[in-house]
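Undergrad: Here's a structure for you.
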Amino acid sequence: MIKAAVFDMDGLMFDTERVGREAWNQVGENLGFGNLDAVNERCLGCNKDYCRGIFKEVFGDALTLDQVLELSAPIQQAWYREHGMPCKKGLVELLDYLRDTGRKIAMATSSDRSIAERNLDMAGLRSYFDVLVCGDMVKRSKPDPDIYLTAARLLEVLPEECIGLEDSRNGILSVHAAGMTGLLIPDLIQPDEEMKQAADQVLPDLGEVVVWLKAYDDRYSAD
């Protein structure tokens, strides 16, 4: 029985990855490195230490993750001040359904806790979440399962009693490795065969997760 749901944040709950990608590209262009899409894609879903290694591999000492984060932060903050926190389609409907059916809810994000709390507060959604597990709380980044296993432990449920919701390659591999039911809702990256095989279901948006859960609940109650 599904007793809990564990959400990724960027690109899954909030349309922040597009904002971040544009800010990174602006920084890359300003510093003479051009478009940073390729390195941005490799960093999706990963914590800072993992991403620092990617930057070192690609740029050596010429450009670091910390430089890009420092210079892109004000660009992103200005966007959020003007436009607010962009929630993905079906997010509130799904959170309401999970709460109404008595399920626990957690977030498992590679972002720092301060960023996760800011985003939830801007969107007015913090009260839905029983547990927040952030990138600075685990040693090993996605695609390692640590962050999802930690969420299950803090929720006091078994991993197999959870659905894990993700949009990225590293994220869905992490959910799969944790032994959760993986629901993949693609964002910037369309899934390849590896991602499809790691996912138990690929759905177009979070509203369709509600449909999927209702069908699951109907089957479970019939049994």
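For what it's worth, the numbering used here labels the leading residue of the sequence shown as 830, then goes sequentially.
Cβ coordinates follow ideal geometry from the N, Cα and C atoms, glycine included.
(1) Run the CB neighbour count on E846, radius 10 Å, all protein chains shown included, and call it buried at 16 or more, exposed below.
(2) If I follow the unbroken alpha helix (DSSP H) through C880, where does it start and stop?
(3) Whose CA, out of E1037, K917, K968, P974, lies closest to the CA of M1009?
(4) What is the DSSP secondary structure of A891, reduced to helix, strand or coil?
(5) What are the residues that DSSP puts in a beta bridge with T979?
(6) When we look at the beta-carbon of A867 and count the other beta-carbons within 10 Å, is it buried (16 or more) or exposed?
(7) Return helix, strand or coil for S839, following the three-state DSSP convention.
(8) From this set, A935, I976, L949, which residue's C-alpha is nearest V960's C-alpha?
(9) On a CA-only basis, which of V921, I1018, I992, N854 is nearest Q1030? Give me that one, please.
(10) Mark K971 as exposed unless 16 or more other C-beta atoms lie within 10 angstroms of its C-beta, in which case mark it buried.
(11) Once you ignore the five residues that flank D844 on each side, which residues in its own chain have a CB closer than 7 Å to its CB?
(12) What number of angstroms, rounded off, separates the C-alpha of E1022 from the C-alpha of L865?
(13) Assuming L873 and S1003 are in contact, meaning their beta carbons sit under 8 Å apart, how far apart are those beta carbons, in whole angstroms?
(14) Using 8 Å as the threshold, is the stretch 895-903 in touch with the stretch 854-862, meaning 3 or more CB pairs across them?
(15) Does the count of Cβ pairs from the stretch 1010-1017 and the stretch 889-896 closer than 8 Å reach three?
(16) Looking only at its chain, what residues have a beta carbon closer than 8 Å to the beta carbon of R932, apart from the 5 residues adjacent to it on each side?
(17) From this set, C963, L954, E1037, which residue's C-alpha is nearest D941's C-alpha?
(18) Below 8 Å, can you find three or more Cβ-Cβ pairs linking the stretch 918-929 to the stretch 1027-1042?
(19) Pop quiz: H1005 and A980 are said to be a contact at Cβ under 8 Å. What is the actual Cβ separation, rounded to whole angstroms?
(20) Quick check: what's the CA-CA separation for I883 versus R871?
TA: Quick answer:
(1) buried
(2) 877-888
(3) P974
(4) coil
(5) Note: T979 sits in no beta bridge, so no partner.
(6) exposed
(7) It is worth fixing the name first, because residue 839 is Asp in this sequence and not Ser. The answer is strand: DSSP assigns D839 an E or B state.
(8) A935
(9) I992
(10) buried
(11) P915, K917
(12) 25 Å
(13) About 12 Å separates the two Cβ atoms, so there is no contact after all.
(14) yes
(15) no
(16) I831, K832, A833, A834
(17) C963
(18) yes
(19) The pair is not a contact, with the Cβ atoms about 15 Å apart (cut-off 8 Å).
(20) 8 Å
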